[in-house]
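J.: Be aware that the sequence shown starts at 0, since it is given in numbering that gives the first Met the number 0, and climbs by one per residue. The C-beta atom is built at its ideal place from N, Cα and C for all residues, glycine as well. Got a structure for you, written out below as structure tokens; questions coming shortly.
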Amino acid sequence: MSQTAPFPKLKRGLVAILRGLKPTEAMAMGQALFDTGIEAIEVPLNSPQPFSSIARIVQVLPKTALVGAGTVLTPADVDGLHQAGGRLLVSPNIDAEVMARAMHYGMVTMPGVFTPTEAFLAIKLGASALKFFPASVLGAG
0 MSQTAPFPKL
10 KRGLVAILRG
20 LKPTEAMAMG
30 QALFDTGIEA
40 IEVPLNSPQP
50 FSSIARIVQV
60 LPKTALVGAG
70 TVLTPADVDG
80 LHQAGGRLLV
90 SPNIDAEVMA
100 RAMHYGMVTM
110 PGVFTPTEAF
120 LAIKLGASAL
130 KFFPASVLGA
140 G
């Protein structure tokens, strides 16, 4: 594939972030979330054995589920995500090499942006959606 995939229409407009998930918990947690209508699941790469967890979640959920990784920083991370069967890439920044590799695999991408310049660059590089990061500095209202 030569471009990132469009962000799919979800029953619930959110991505569950399973921070710290262990591979032994992955199948049950992924299934429980999907059964409640949550179709998009992110396992941050700073979790224990994240690619194993992603592969296990992908194994039990239908192809319509959007499973992937967060904190994706390098092209090697993208390769690992692809090998695990993940289709969703979330990163805290916008990196041209990461985006190019994700486009190669046809992944749904959500790079982190904070400024208009970063947002326009992400769109130019083919982002499926944007993650405002760090959103906490914007305040609650």
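(1) Leu120 by DSSP, collapsed to three states: which one?
(2) Does the beta-carbon of Arg11 have 16 or more other beta-carbons within 10 angstroms, so that it is buried, or is it exposed?
(3) Buried or exposed: Met0, going by 16 or more other Cβ atoms within 10 Å of its Cβ?
(4) Give me the residue from Glu96, Met109, Phe131 with the minimum Cα distance to Glu41.
(5) What's the gap between the Cα of Asn45 and the Cα of Thr70?
T.: Answer, in terms of the structure:
(1) helix
(2) So Arg11 counts as exposed.
(3) Because Met0 sits at a pLDDT of 41, beneath the cut-off of 50, its placement in the model cannot be relied upon, and the point is left open.
(4) Met109
(5) Using only the alpha carbons, I get a separation of about 7 Å.
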